[in-house]
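Comments concern the structure below.
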Amino acid sequence: MGRYTLRRLLQMIPVFIGSTFLIFFMVYALGDPVAALFGDKAPDPATAARIRKDLYLDEPLWRQYAHYMGQIFSGHFGTAFNGQPVTELMASAFPVTLRLTLVAVAFEMALGITLGVLSGLRRGRGLDTSVLLLTLVVVSVPTFVSGTVLQYLFGVTWGWARPSVSPEAPLNELLLPGVVLGLVSLAYTTRLTRTSIVENARADYVRTAVAKGLPRHRIVTRHLLRNSLIPVVTFIGTDIGALMGGAIVTERIFNIHGVGYQLYQGILRQNSPTVVGFVTILVIVFLLANLLVDLLYAVLDPRIRYA
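Read left to right, the sequence shown gives residues 1 to 307 (the UniProt record's numbering).
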């Protein structure tokens, strides 16, 4: 396991370099940070040249990237155009989005896996049909629609939740936004769990367990569920990074000042250091989540061993 983990960590290095270089290229090569800094007012050539030198923009792109990576490894992600270090923006935004993502993942896992198991064990019955229809509706409705509707019902009409999250973003105020963020993932988790349960229910090891007279709950939890969760865990692991990076719509609806809010503001104002810095951290989160998923395979299925 240790050798496998080390090998996977080494494999993450070229992926990280390639991803961050692509992000850096799209942000800096396809735009002009100096022009974005001044907005509609064009700076005089001397001022623009001095700013480009200070921001290392007068060097070739590969040297700019090498300089940026050197700053990252020293813990410096640059400075936003308002003069605030990007690390300070991260320190305030990432804990909020992390709590929001944890709520969404917990909601997705608890309800999605439960509905998927119940639906798979009752294939072709009324519950199975209802779950499939409900998940299809959830997938078809965009997040900005479901978020606005739930915000109006629970926050305005019934008063069960705050329609707008306070700047501190406590966990109790993130419950409704977390549900909105995890709705689509919940539908996919439910359908994936249901499909995996149906496929594994016909496997030989399940028929053997039934022939041995094992209790039904033990067959489902110890044999059927553990093997069926492998594709589900894969989806949830990759979904963590997607939820953190894709929370822009949810955070805009509920006025949450998290990663999505900072990315939206950075893109809107063409604040290149903010966008590149935040997306770089999201790449790291995505890679670590995939590594954790690979390590969980051996826990779910003892037949899986790593050389």
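By construction, the Cβ of each residue, glycine as well, lies at the ideal position given by its N, Cα and C atoms.
- In this structure, the straight-line span from the alpha carbon of VAL279 to that of GLY258 is close to 13 angstroms.
- C-alpha of ALA201 to C-alpha of VAL232: approximately 16 angstroms in a straight line.
- For GLU108, the enclosing alpha helix (DSSP H) begins and ends at 86-121.
- Inter-segment contact for the segment 207-215 and the segment 243-250 is absent: fewer than three beta-carbon pairs are separated by less than 8 angstroms.
- Our two residues, ILE219 and SER196, have alpha carbons roughly 15 angstroms apart in a direct line.
- Residue environment analysis places PHE73 among the exposed positions, since fewer than 16 neighbouring C-beta atoms fall within 10 angstroms of its C-beta.
- Beta-carbon to beta-carbon, THR101 and LEU295 are separated by about 20 angstroms, too far to satisfy the 8 angstroms threshold.
- Between the segment 103-112 and the segment 213-228, the count of C-beta pairs closer than 8 angstroms stays below three; the two stretches do not touch.
- ILE23 has its alpha-carbon roughly 33 angstroms from the corresponding atom of ARG191.
- In this structure, ARG123 sits near VAL198, with a CB-CB distance shorter than 7 angstroms.
- Annotation: the continuous alpha helix (DSSP H) that includes GLU199 extends over 175-201.
- Rounded to the nearest whole angstrom, the C-alpha separation of THR135 and GLY266 is 34 angstroms.
- Apart from the 5 residues on each side of it in sequence, VAL276 sits with its Cβ closer than 7 angstroms to the Cβ of ILE23, PHE24, VAL27 in its chain, given in chain order.
- Beta-carbon to beta-carbon, LEU243 and ALA93 are separated by about 15 angstroms, too far to satisfy the 8 angstroms threshold.
- The segment 269-300 is shown to contain whole alpha helix (DSSP H) runs of 4 or more residues at 272-300, in chain order.
- DSSP places HIS67 inside the alpha helix (DSSP H), whose first and last residues are 61-73.
- Here the alpha carbon of ALA169 sits roughly 36 angstroms from the alpha carbon of GLN64.
- LEU292 and GLY237 have their C-alpha atoms roughly 8 angstroms apart.
- With a threshold of 16 other beta carbon atoms within 10 Å, VAL184 meets it and is buried.
- With 16 or more other Cβ atoms from the protein chains shown falling within 10 Å of its own Cβ, ALA161 counts as buried.
- By the neighbour-count definition (other C-beta atoms within 10 Å, threshold 16), TYR261 is a buried residue.
- Under the DSSP assignment, PRO14 falls in the alpha helix (DSSP H) whose first and last residues are 2-24.
- Our two residues, THR189 and PHE254, have alpha carbons roughly 24 angstroms apart in a direct line.
- Around VAL15, the same chain offers LEU287 as residues with beta carbons nearer than 8 angstroms, after the five sequence neighbours per side are excluded.
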